[in-house]
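This report concerns only the one structure given below.
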Ligand code: HXC
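Have a look at this one:
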């Protein structure tokens, strides 16, 4: 499918999706989100891909949902069309790991999209915020829920109630991003991390992701039980045999993804 709002490429075993509406700071129009969901579908179905990187431009990861597109909508439009449709959440339902590489603005829906990824690598130019309150609405793609889980109630509440934007250093301090790197190195670093993940056992990586995500959905006891079941399952893989044999033989593991 030809895309108009994103660029999609494959580098080795990594799928790279670049949001590409530069004139609108990658505002997340309905067309863009539809294409993004299709690109994630395609990488999920592609056996050659072990990890996905989602990025934007130097100036903006994404400055939010497309305000001009939303402006004229009324309650019945958004209710009946289920605006923030399921395709908005496609990144969050990916089973393969998705890394957000964020430079510049990640605001509103842009911040929410980054938080749907498994972790966020930030350039030192990154700015995160949920400014919806300043345009008369509230976050609608998980911002009030995911941001609170990332940074805790006090900071999430301040950001959501005031629209205050935080810089990369503050985002790292409060746990919103895993690491901050110089802007010039962001994509290389994200691709390197993604290639590393893609070189590991695909099923075991997926189990690890599923298990970490479970911690947000359940009690500690249930989560630990879930983790133990998946931990046991790794012993049914050839990759666990290979990984442990390689360690004992002092060589690199050669995972077969089964
Ligand atoms: C549509 C947008 C946009 C957006 C920027 N643009 N953000 N268009 N939707 N969210 C457009 C501008 O209209 C402008 O187009 C061009 O991009 C460049 O933006 P400028 O404002 O001229 O750039 P600058 O002065 O550098 O300011 C950058 C900015 C500002 C601080 C990021 O653009 C801004 O405040 N944007 C809106 C941020 C926001 O409120 N996001 C939350 C949206 S609500 P023209 O044609 O004039 O050149 C949301 C709800 C989520 O996300 C709910 C669930 C999805």
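Residue numbers (the numbering used here): 12 to 269.
Don't be surprised by glycine CBs; every beta carbon is placed ideally from N, CA and C.
Keep in mind that this is a model prediction, so the values were computed, not measured.
In its own chain, which residues sit with a C-beta less than 6 angstroms from the C-beta of residue 245, not counting the 5 before and 5 after it? The residue labelled residue 245 in the question sits at position 234 within the chain shown. 215 and 251.
6 angstroms CB neighbourhood of residue 67 in its chain, flanking five on each side removed: As a first step, residue 67 must be located in the chain shown, where it is residue number 56. Hits under 6 angstroms: 30, 37 and 73.
Indicate, with yes or no, if the ligand HXC has a heavy atom lying under 7 angstroms from the CB of residue 69. Along the chain shown, one-based indexing puts residue 69 at 58. Checking every heavy atom of the ligand HXC against the Cβ of residue 69, none is found closer than 7 angstroms.
Residue 122, DSSP secondary structure in three states: Within the chain shown, numbered from 1, the residue matching residue 122 stands at position 111. It is helical.
Which value, in whole angstroms, describes the spacing of the CA atoms of residue 41 and residue 77? By one-based count along the chain shown, residue 41 stands at place 30. By one-based count along the chain shown, residue 77 stands at place 66. Cα-Cα distance, rounded: 8 angstroms.
Endpoints, beta strand (DSSP E) assigned at residue 138: Position 127 of the chain shown, counted from the first residue, corresponds to residue 138. Start and end: 138-140.
Classification of residue 281 by the beta-carbon crowding that lies within 10 angstroms, buried from 16 upward: There is no way to answer for residue 281, as the model of the chain reaches only from 12 to 269.
For the alpha helix (DSSP H) that contains residue 197, what are its first and last residues? As a first step, residue 197 is located in the chain shown; it is residue number 186 there, counting from the start. Looking at the DSSP string, the run of the alpha helix (DSSP H) that includes residue 197 is 197-209.
Using a Cβ distance threshold of 8 angstroms, determine whether the segment 130-145 contacts the segment 167-186, with at least three qualifying pairs required. yes
Proximity winner among 238, 17, 207 and 130, relative to residue 219 (alpha-carbon distances): Within the chain shown, residue 219 is the residue found at index 208, counting from 1. Comparing Cα positions, the closest option is 238.
Smallest Cα separation from residue 286: which of 120, 163 and 182? The chain is shown only over 12 to 269; residue 286 falls outside these bounds and no answer can be derived.
Considering only C-alpha positions, which residue in the set 39, 85 and 64 is nearest to residue 116? Here residue 116 refers to the residue found at position 105 of the chain shown. For the residues 39, 85 and 64, the minimum Cα distance to residue 116 belongs to 39.
Tell me whether residue 116 sits in a helix, a strand or coil according to DSSP, three-state version. Mapped onto the chain shown, residue 116 falls at position 105. In the structure shown, residue 116 sits in a strand (DSSP, three-state: E or B).
What is the DSSP secondary structure of residue 266, reduced to helix, strand or coil? Within the chain shown, numbered from 1, the residue matching residue 266 stands at position 255. Correct three-state label for residue 266: coil.
Relative to the alpha-carbon of residue 23, which residue among 261, 269, 80 and 54 has its alpha-carbon at the smallest distance? Reading the chain shown from its first residue, position 12 is the one you call residue 23. That would be 54, whose Cα lies nearest to the Cα of residue 23.
Thinking just about the alpha-carbon of each residue, which of 95, 165, 188 and 254 is nearest to the one in residue 150? Taking the first residue of the chain shown as position 1, residue 150 is located at position 139. Checking every option, the nearest Cα to that of residue 150 belongs to 95.
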